[in-house]
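The next block holds one structure in the form of structure tokens; read it before the comments.
Numbering (my numbering), first residue to last: 1008 to 1379.
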């Protein structure tokens, strides 16, 4: 019983508290891992494309208009995608004003820290562009159109993204200049040399990467050394991460609960949200919580299906929910639903654990003000 209670306690801690990524005092494994990253130009581009970023709308519905001619617009998009341009999401939250533009809040803070670090190293960098809406991009695109032939459009797409395809739409991209140098000469400045040295170490230290580096085929425009994108330390680390027994996930480095999460992985209670991520910022769903608990108790097969309309045969949580019903650990959210994709509250998970442990009577009353 003591072993079971200890396992339940660890499971509760890891599942409910691992959303915190507070660093442990002393050495910072996040900084160490970030400094160790070595990304090729293609990997730098992929790191942003694969990044898990907040504050973005889902890509649903038709792409934004470009010229007003639906047939021409569709052809422009076809040419853009053939060059490697990718549809980009617009912000879903308020942006932060910074230096005459707007950025996602975390990108704004990271820009200010990068600019300060550059100044401390004797370099001047300033913004020339940040967030740009699809309608603004359309105005730029139309103003630079010299014709509608494929040759004319290809030439335009070498330097201007089709509306809906600019990384500036996300609020995570910036264009830079240094001192009196014009935008297109940024690559020849000492500031760019400082940013790009050692695989862009100074940029990556603040979560930034080149947006369109040299030597990448089919990335959309020609290389743009002045454009940088923010992905944050975790996404950069994940782009150059090999899991190990001690560190199975790239997004738990430095977390107070890294050991708890590693235990979950070692005991096969979790496989993470991908092969290299635990997804510390995601809420645990009811289906996931049921699966954690079922695995903790040895994955016993249920005798009968759960009987809920929203628990389909073959889902990863089908057997866990069936086992929970058989053992009176859950009675669902209604008589016919379990709501497997709803977030699991702390109170619900504690109740599941308590019922799974045999509904033990507490020795003393709790002292929590928010528990009636």
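Each residue gets a CB set at the ideal place from its N, CA and C atoms; glycine is no exception.
Exercise. Since residue 1108 is in the beta strand (DSSP E), which residue starts that stretch and which ends it?
Worked result: Unbroken beta strand (DSSP E) run through residue 1108: 1108–1110.
For this session: Could you tell me whether the region 1336–1346 touches the region 1310–1317, using the rule of 3 or more Cβ pairs below 8 Å?
Result: The answer is yes - the region 1310–1317 touches the region 1336–1346, with three or more Cβ pairs under 8 Å.
For this session: Please state if the CB of residue 1193 and the CB of residue 1237 are separated by a distance shorter than 8 Å.
Result: No, these two residues do not count as a Cβ contact at 8 Å.
For this session: Kindly confirm or deny that the region 1063–1080 and the region 1161–1168 touch, where touching means at least three C-beta pairs closer than 8 Å.
Result: In this structure the region 1063–1080 does not touch the region 1161–1168; the number of beta carbon pairs closer than 8 Å is below three.
For this session: Pick out the complete beta strand (DSSP E) segments inside the region 1163–1238, 3 residues or longer, and give them in chain order.
Result: Listed in chain order, they are 1180–1184, 1215–1219 and 1231–1237.
Exercise. Between which two residues does the alpha helix (DSSP H) containing residue 1052 stretch?
Worked result: Segment 1048–1056, the alpha helix (DSSP H) holding residue 1052.
Exercise. Just how far apart, CA to CA, sit residue 1378 and residue 1262?
Worked result: Residue 1378 and residue 1262 have their alpha carbons spaced roughly 27 Å apart.
Exercise. Is residue 960 helix, strand or coil when you go by DSSP?
Worked result: One cannot answer for residue 960 here, as it falls past the ends of the chain, which runs 1008 to 1379.
Exercise. If you drop the 5 nearest sequence neighbours on each side, which residues of the same chain put their C-beta closer than 7 Å to that of residue 1033?
Worked result: For residue 1033, the predicted structure reports a pLDDT of 49, less than 50, and the residue's modelled location is therefore unreliable. The matter cannot be settled from this model.
Problem set entry | DSSP three-state assignment for residue 1367, whether helix, strand or coil | It is coil, neither helix nor strand.
For this session: Pull up the distance between the alpha-carbon of residue 1265 and that of residue 1217, whole angstroms please.
Result: Taking C-alpha positions only, residue 1265 is separated from residue 1217 by approximately 30 Å.
For this session: Report all residues from its chain with a CB closer than 8 Å to the CB of residue 1187; omit the five preceding and five following residues, and keep chain order.
Result: The answer is none, since no qualifying residue turns up.
Exercise. Per DSSP, which one or two residues make a beta bridge with residue 1136?
Worked result: Answer is 1182, bridged to residue 1136.
Exercise. When we look at the beta-carbon of residue 1229 and count the other beta-carbons within 10 Å, is it buried (16 or more) or exposed?
Worked result: Exposed: under 16 other Cβ atoms inside 10 Å.
For this session: Decide yes or no for the touch test of the region 1133–1150 against the region 1240–1259: beta carbon pairs closer than 8 Å, at least 3 of them.
Result: Taking a cut-off of 8 Å for Cβ pairs, the region 1133–1150 and the region 1240–1259 do not touch, as fewer than three such pairs fall below it.
Problem set entry | Between the CA atoms of residue 1211 and residue 1031 - distance to the nearest angstrom | Model confidence at residue 1031 stands at a pLDDT of 41, short of 50, so the residue's coordinates are unreliable; what they give is reported in the following sentence. Approximately 21 Å, taken between the alpha carbons.
Exercise. Is the number of C-beta pairs between the region 1117–1134 and the region 1098–1109 that are closer than 8 Å three or more?
Worked result: A contact exists between the region 1117–1134 and the region 1098–1109.
Problem set entry | residue 1282 to residue 1247 span [Cα, whole Å] | Spanning the two alpha carbons is a distance of roughly 13 Å.
Exercise. Taking the C-alpha atoms as reference points, what is the distance between residue 1177 and residue 1332?
Worked result: CA-to-CA, the gap between residue 1177 and residue 1332 works out to about 44 Å.
Exercise. Considering residue 1105, what are the terminal residues of the beta strand (DSSP E) in which it resides?
Worked result: Residue 1105 -> beta strand (DSSP E) spans 1103–1105.
Exercise. Is it right to say residue 1111 is buried, meaning 16 or more other beta carbons lie within 10 angstroms of its own, or is it exposed?
Worked result: Answer is buried; the Cβ neighbour count reaches 16.
Exercise. Residue 1285: which of 1274, 1358, 1101 and 1255 sits nearest, CA to CA?
Worked result: Cα-wise, what sits closest to residue 1285 is 1255.
For this session: With distances taken Cα to Cα, identify the nearest neighbour of residue 1347 among 1327, 1056 and 1221.
Result: Comparing Cα-Cα distances from residue 1347 to each of 1327, 1056 and 1221, the minimum goes to 1327.
Exercise. Would you call the CB atoms of residue 1351 and residue 1292 closer than 8 Å?
Worked result: One thing to note: residue 1351 has its Cβ within 8 Å of the Cβ of residue 1292.
Exercise. Can we say the region 1040–1052 touches the region 1163–1172, given the rule of at least three CB pairs closer than 8 Å?
Worked result: Cβ pair count under 8 Å is below three, so no.
Exercise. How should residue 1375 be labelled, buried or exposed, when 16 other C-beta atoms within 10 angstroms of its C-beta is the threshold for buried?
Worked result: Around the beta carbon of residue 1375, fewer than 16 other beta carbons sit within 10 angstroms, so the residue counts as exposed.
Exercise. Quick one: what's residue 1156 bridged to in DSSP?
Worked result: DSSP output for residue 1156 lists no bridge partner at all.
Problem set entry | Burial state of residue 1064, where buried means 16 or more other Cβ atoms lie within 10 Å | Exposed, because fewer than 16 other Cβ atoms sit within 10 Å of the Cβ of residue 1064.
Exercise. Is it buried or exposed for residue 1323, if we count other Cβ within 10 angstroms and need 16 for buried?
Worked result: By the neighbour-count criterion, in which 16 or more other beta carbons inside 10 Å mark a residue as buried, residue 1323 falls on the exposed side.
Exercise. Skipping 5 residues on each side, what residues in its chain have a beta carbon closer than 8 Å to that of residue 1300?
Worked result: The answer, listed in chain order, is 1018, 1327, 1331, 1336, 1359, 1360 and 1363.
For this session: Return the residue from the list 1307, 1303 and 1338 that minimises the CA-CA distance to residue 1318.
Result: Cα-wise, what sits closest to residue 1318 is 1338.
Exercise. Are the beta-carbon atoms belonging to residue 1191 and residue 1215 less than 8 Å from one another?
Worked result: Not a contact, by the Cβ cut-off of 8 Å.
For this session: Give, in chain order, every unbroken run of the beta strand (DSSP E) that is at least 3 residues long and sits entirely within the region 1268–1297.
Result: List check, beta strand (DSSP E) in window: nothing returned.
For this session: Report yes if the C-beta distance between residue 1114 and residue 1179 is below 8 Å; otherwise report no.
Result: Against a cut-off of 8 Å, the Cβ pair of residue 1179 and residue 1114 comes out as a contact.
Exercise. At which residues does the alpha helix (DSSP H) containing residue 1326 begin and terminate?
Worked result: Residue 1326 -> alpha helix (DSSP H) spans 1325–1333.
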